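All remarks here apply to the structure that follows.
There are 2 protein chains.
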Amino acid sequence: MQGFAHRHTVRAAMAWLDAQLHALDVDSVDLAAAAGRVLASPIVSAVDVPGFDRATMDGYAVIAASTEGATPYNRMSLTVLGNAFAGTPFTGTVGHREAVRIMTGAPIPAGCDAVLPAESADLEGPFGRGHYDVLAIGEVSPGKNVGRRGEDVVAGTTLLTAGRRLRPQDVGVLSSIGLPRVPVVRQPRVRLVITGNELLPSGSPPHDFGITDANGPMLAALAARDGGLVDFPGLVRDDREAIRAALLADVDVVLVSGGSSVGIEDLAPMLLAEEGELAVHGIAMRPSSPTGMGRIGHRLVFLLPGNPVSALCAYDFFAGRAIRVLGGRSPEWPYRSFRGSLRRKISSPIGRLDYARVRITAGQVEPLSVSGASVLTSTTRADGFVIVPDDSEGFAAGSEIDVWLYA
Amino acid sequence: MQGFAHRHTVRAAMAWLDAQLHALDVDSVDLAAAAGRVLASPIVSAVDVPGFDRATMDGYAVIAASTEGATPYNRMSLTVLGNAFAGTPFTGTVGHREAVRIMTGAPIPAGCDAVLPAESADLEGPFGRGHYDVLAIGEVSPGKNVGRRGEDVVAGTTLLTAGRRLRPQDVGVLSSIGLPRVPVVRQPRVRLVITGNELLPSGSPPHDFGITDANGPMLAALAARDGGLVDFPGLVRDDREAIRAALLADVDVVLVSGGSSVGIEDLAPMLLAEEGELAVHGIAMRPSSPTGMGRIGHRLVFLLPGNPVSALCAYDFFAGRAIRVLGGRSPEWPYRSFRGSLRRKISSPIGRLDYARVRITAGQVEPLSVSGASVLTSTTRADGFVIVPDDSEGFAAGSEIDVWLYA
Numbered sequence: 015m016q017g018f019a020h021r022h023t024v025r026a027a028m029a030w031l032d033a034q035l036h037a038l039d040v041d042s043v044d045l046a047a048a049a050g051r052v053l054a055s056p057i058v059s060a061v062d063v064p065g066f067d068r069a070t071m072d073g074y075a076v077i078a079a080s081t082e083g084a085t086p087y088n089r090m091s092l093t094v095l096g097n098a099f100a101g102t103p104f105t106g107t108v109g110h111r112e113a114v115r116i117m118t119g120a121p122i123p124a125g126c127d128a129v130l131p132a133e134s135a136d137l138e139g140p141f142g143r144g145h146y147d148v149l150a151i152g153e154v155s156p157g158k159n160v161g162r163r164g165e166d167v168v169a170g171t172t173l174l175t176a177g178r179r180l181r182p183q184d185v186g187v188l189s190s191i192g193l194p195r196v197p198v199v200r201q202p203r204v205r206l207v208i209t210g211n212e213l214l215p216s217g218s219p220p221h222d223f224g225i226t227d228a229n230g231p232m233l234a235a236l237a238a239r240d241g242g243l244v245d246f247p248g249l250v251r252d253d254r255e256a257i258r259a260a261l262l263a264d265v266d267v268v269l270v271s272g273g274s275s276v277g278i279e280d281l282a283p284m285l286l287a288e289e290g291e292l293a294v295h296g297i298a299m300r301p302s303s304p305t306g307m308g309r310i311g312h313r314l315v316f317l318l319p320g321n322p323v324s325a326l327c328a329y330d331f332f333a334g335r336a337i338r339v340l341g342g343r344s345p346e347w348p349y350r351s352f353r354g355s356l357r358r359k360i361s362s363p364i365g366r367l368d369y370a371r372v373r374i375t376a377g378q379v380e381p382l383s384v385s386g387a388s389v390l391t392s393t394t395r396a397d398g399f400v401i402v403p404d405d406s407e408g409f410a411a412g413s414e415i416d417v418w419l420y421a
Numbered sequence: 015m016q017g018f019a020h021r022h023t024v025r026a027a028m029a030w031l032d033a034q035l036h037a038l039d040v041d042s043v044d045l046a047a048a049a050g051r052v053l054a055s056p057i058v059s060a061v062d063v064p065g066f067d068r069a070t071m072d073g074y075a076v077i078a079a080s081t082e083g084a085t086p087y088n089r090m091s092l093t094v095l096g097n098a099f100a101g102t103p104f105t106g107t108v109g110h111r112e113a114v115r116i117m118t119g120a121p122i123p124a125g126c127d128a129v130l131p132a133e134s135a136d137l138e139g140p141f142g143r144g145h146y147d148v149l150a151i152g153e154v155s156p157g158k159n160v161g162r163r164g165e166d167v168v169a170g171t172t173l174l175t176a177g178r179r180l181r182p183q184d185v186g187v188l189s190s191i192g193l194p195r196v197p198v199v200r201q202p203r204v205r206l207v208i209t210g211n212e213l214l215p216s217g218s219p220p221h222d223f224g225i226t227d228a229n230g231p232m233l234a235a236l237a238a239r240d241g242g243l244v245d246f247p248g249l250v251r252d253d254r255e256a257i258r259a260a261l262l263a264d265v266d267v268v269l270v271s272g273g274s275s276v277g278i279e280d281l282a283p284m285l286l287a288e289e290g291e292l293a294v295h296g297i298a299m300r301p302s303s304p305t306g307m308g309r310i311g312h313r314l315v316f317l318l319p320g321n322p323v324s325a326l327c328a329y330d331f332f333a334g335r336a337i338r339v340l341g342g343r344s345p346e347w348p349y350r351s352f353r354g355s356l357r358r359k360i361s362s363p364i365g366r367l368d369y370a371r372v373r374i375t376a377g378q379v380e381p382l383s384v385s386g387a388s389v390l391t392s393t394t395r396a397d398g399f400v401i402v403p404d405d406s407e408g409f410a411a412g413s414e415i416d417v418w419l420y421a
């Protein structure tokens, strides 16, 4: 009765999982909510940005030839016809030896091909409404200080490709072409099914023989971090029909915590096998060995151990990967890596992958001595974790190893 | 009239800024909203977790001495008095040669000091309600397969210190001690003041001489990324009183975009000097040279250039730092760094810091040739940026340099 007859390797479990994963269908969101979301289709601009030639400096819009030969010792008079401001263009046409006072960003008036910077002109005439003269004390060449129409975006250009996770500046560019809504990959809906008759709901002080739920709030935060839309309606009793109903919720991903092993109290694996497919059950890793995965129709179901360190590890290896990929993100961990020298050896048997919590002290990697899967504080005291692959017996003291830093 | 008489070094501007920055006051949030927030005070547990000794395996709770000498060839009979489940303890007391069938997580019955694993017992008696016998076929030592009260958290322990940015597992630990709400650093309220009479609101297609606002949505996404609560009620006309009113909004940080330079159209610096202090105006960097910073009462005010690349760069150097620190986060960029070899040289004059957009191709760092501060697509084509300090003339082709990767 006890123990798994066979444990899947992490590699085999991951291979099954990866074969199930593809980005979900398309959703449309307001541009203001698009940062961090993943583009579902490429974005091609219908417009040029800017849509007109404009000044890139404050100065005088001119025909460049009007300034030919101007120096501080050969000042050339230009008649200023008016002003061009950003948003308030000069509407007339400018001829030889004429100019329009222009501000950065203002449209270049008709006839002009350059902007003489303000510092290359001496103000002569009275500053006011009528025409007045300035003296060019330097030359400009055609095109100088002019930002060309389409300088930023040319109509017809593919600006961003499908699969792009939108950065703040991407949102700026999408705004600049006038896009009001953005086609993005739909966020996976994630139902938490936190079981365990000993559990008290988060927010209740633990008392008597009750344990206040840690996995629900932790898994909710993890799934939200990875782009899931979390539904956590409350704890579920260790009751066949209550768990069965929760497994059948209309979501993309079901995360069950607790009762994932092979004991008679472990209802979830049996129910998953009854209602759908229990594809993986028991994985050669520590912690998280009693992890299961399967499907019920379109739902991916993850059976996570109730021990919170095991739940975290199983989430990180499998469920988080699924939520990220369903939402269009990279399967990779959202953790930075750090390479450092190991202070004390880490041992691990061949045939099992180990997830070892470590601290970084003075640039060195120090394994935490506590290894109990129920000691969640080992993951809050740790700076990150080290993976010992199943074909390794561990790492000797002094080895250079990669640490994944919790974030 | 044109140009800054004096430009601050980035170092001097940053020194002024850092002297203004401290984490804001405390706020209290539901545990379910605490992930990613920054603890405002240390958390000391009032309880032990777990609050009782419990089984770490399925099996039989016993007095360890009852199994002394048990082997497959010397099976020892134990009388099973009942069951202990997680959440449903066995309420009697167990004596010598007695046992209670126990499930992982269940409280250890009174009198017992160990759990004999199910695989170390042969089931003898009828499985049912009454007493029945099992045969121990192995020994257990005292304490074996028992998770001690306080194994995870001991009452009185400081679990997390002030300043900690809460990870998902931290939220789990806080839940396990029964905390319903968490004291966190208040999020800075950030008002966006996007000026420019040429601007059309985000969502409108650009037409005629209008430019659709890119900075508003970009800055909103940046400030939200850095933990700000963004208020962006719409574009502000280039009008003294409209800008003045916006500068006086009751917020922690005001981000003004546009009109930040020294032209007659540049109202924001004058208004900031009138209403408060314009402490920094003009910074020796490219882009973003026409950046200003100051205060009005408790508000930090950032005058960002209207050119979107300049706005992004000035945000990243100064405003983002402020928002992160006010919210209790690290001042550091939320960007990963990458070290690679430069394919083509980057030149930059001494006395000016440069922010150069680059791509990573085949592990090499390639500067983008477009350098216009109005070309926001240069930051979407780029993978990140390289900083050339003001005491450097740049980097030769083939140098190993650090790139900050946009995220």
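Read top to bottom, the protein sequences are chains A and B. In the numbering used here, each residue's number is its place in the first sequence (first place is 1) plus 14. In the numbering used here, each residue's number is its place in the second sequence (first place is 1) plus 14. Just so it is clear, CB atoms sit at the ideal spot from N, CA and C, and this is done for glycine as well. Just so you know, these numbers come straight off a predicted model, no measurement behind them.
* Any alpha helix (DSSP H) of 4 or more consecutive residues that is wholly inside the stretch 319 to 400 of chain A -> Whole alpha helix (DSSP H) segments, 4+ residues: 322 to 328, 334 to 340, 391 to 395.
* Out of curiosity, what's the CA-to-CA distance linking Met15(B) and Leu193(A)? -> Note that Met15(B) scores 39 on pLDDT, short of 50, meaning its location in the model is unreliable; the coordinates nonetheless yield the value given after this. Straight-line Cα distance between these residues: approximately 39 Å.
* CA-CA distance, Gly65(A) and Val244(A)? -> 43 Å
* **Span of the beta strand (DSSP E) around Asp147(A)** => 146 to 150
* Using a Cβ-Cβ cut-off of 6 Å (strictly less than) and excluding sequence neighbours within five positions of Gly272(B), which residues of its own chain qualify? -> Thr209, Gly210, Gly320
* Over what stretch of residues does the beta strand (DSSP E) that includes Asp8(A) continue unbroken? -> Residue 8(A) cannot be examined here, being either before or after the span of chain A that is shown, 15 to 421.
* **Tyr369(A) at chain B interface by Cβ criterion, 8 Å** => By the rule that beta-carbons nearer than 8 Å mark a contact, Tyr369(A) does not touch chain B.
* Tell me, please, whether the CB atom of Met28(A) is closer than 8 Å to any CB atom in chain B? => no
* Asked: Would Phe352(B) count as contacting chain A if we go by Cβ distances under 8 Å?
  -> Cβ-Cβ to chain A under 8 Å: no for Phe352(B).
* Asked: Leu35(A) lies in the alpha helix (DSSP H); which residues open and close that run?
  -> That residue, Leu35(A), is in no alpha helix (DSSP H); it is neither H nor E in DSSP.
* **Helix, strand or coil at Ile257(A) [DSSP, three-state]** => helix
* Short Cβ contact (8 Å threshold) for Val187(B) with Thr391(A) -> Yes, they are a contact pair.
* To do: Determine the direct distance from the alpha carbon of Met284(B) to that of Arg258(B), and round the result to whole angstroms.
  => 10 Å
* Tell me whether Ile77(B) is buried or exposed, calling it buried when 16 or more other Cβ atoms sit within 10 Å of its Cβ. => buried
* To do: Can you have a look at Ser362(B) and say buried or exposed, based on whether 16 or more other CB atoms are within 10 angstroms of its CB?
  => buried
* Asked: Does the separation of the CB atoms of Val24(B) and Asp405(B) fall below 8 Å?
  -> Going by C-beta atoms, Val24(B) is not nearer than 8 Å to Asp405(B).
* To do: Anything in chain B within Cβ reach of Pro86(A), meaning under 8 Å, just list it in chain order.
  => Here the premise fails: no neighbours, minimum Cβ distance about 16 Å.
* For chain B, is any of its Cβ atoms less than 8 Å away from the one on Gly170(A)? -> no
* Helix or strand or just coil, what does DSSP make of Asn229(B)? -> helix
* Could you tell me the distance, in whole angstroms, from the CA atom of Pro301(A) to the CA atom of Pro156(B)? => 24 Å
* To do: Tell me, to the nearest whole angstrom, how far the beta carbon of Pro202(A) is from that of Asp264(A); I am working on the premise that it is less than 8 Å.
  => In fact, because the Cβ distance is near 12 Å, the residues do not count as touching under 8 Å.
* To do: Report the neighbours of Asp227(B) on chain A: residues whose CB is nearer than 7 Å to its CB, in chain order.
  => Going along chain A in sequence order, the residues near Asp227(B) (Cβ under 7 Å) are Ser189.
* Under three-state DSSP, which class holds Leu285(A)? -> helix
* Within its chain, find whatever has a CB closer than 7 Å to the CB of Ser344(B); leave out the 5 residues flanking it on each side and keep chain order. => Arg338
* Which same chain residues, not among the five before or five after His295(A), have their C-beta less than 6 Å away from its C-beta? -> Pro283, Gly306
* To do: Per DSSP, which residues does Phe409(B) bridge with? Please list them.
  => Ile360(B)
* To do: Kindly indicate if chain B contains any beta-carbon less than 8 Å away from that of Asp416(A).
  => no
* Asked: Between the beta-carbon of Leu314(B) and the beta-carbon of Val270(B), is there less than 8 Å?
  -> no
* State whether the stretch 84 to 101 of chain A contacts the stretch 146 to 153 of chain A, with contact taken as three or more CB pairs (one from each stretch) at a distance under 8 Å. => yes
* Is there a Cβ from chain A that is less than 8 Å from the Cβ of Leu424(B)? -> Residue 424(B) is absent from the model: chain B starts at 15 and stops at 421.
* Asked: Do you know how far the Cα of Ala46(B) is from the Cα of Pro231(A)?
  -> 6 Å
* Would you grab the beta carbon distance between Leu174(A) and Thr394(B) for me? Rounded to a whole angstrom, and I think it's under 8 Å. => The C-beta distance from Leu174(A) to Thr394(B) rounds to 7 Å, short enough to fall under 8 Å.
* To do: Measure the C-alpha to C-alpha separation of Phe316(B) and Gly248(B) and round it to an integer number of angstroms.
  => 18 Å
* To do: Kindly indicate which three-state DSSP category Glu133(A) falls into: helix, strand or coil?
  => helix
* Counting only the same chain and skipping the five closest in sequence on each side, list residues whose C-beta sits under 7 Å from that of Trp418(B). => Trp347, Tyr349, Ser351, Gly398, Phe399
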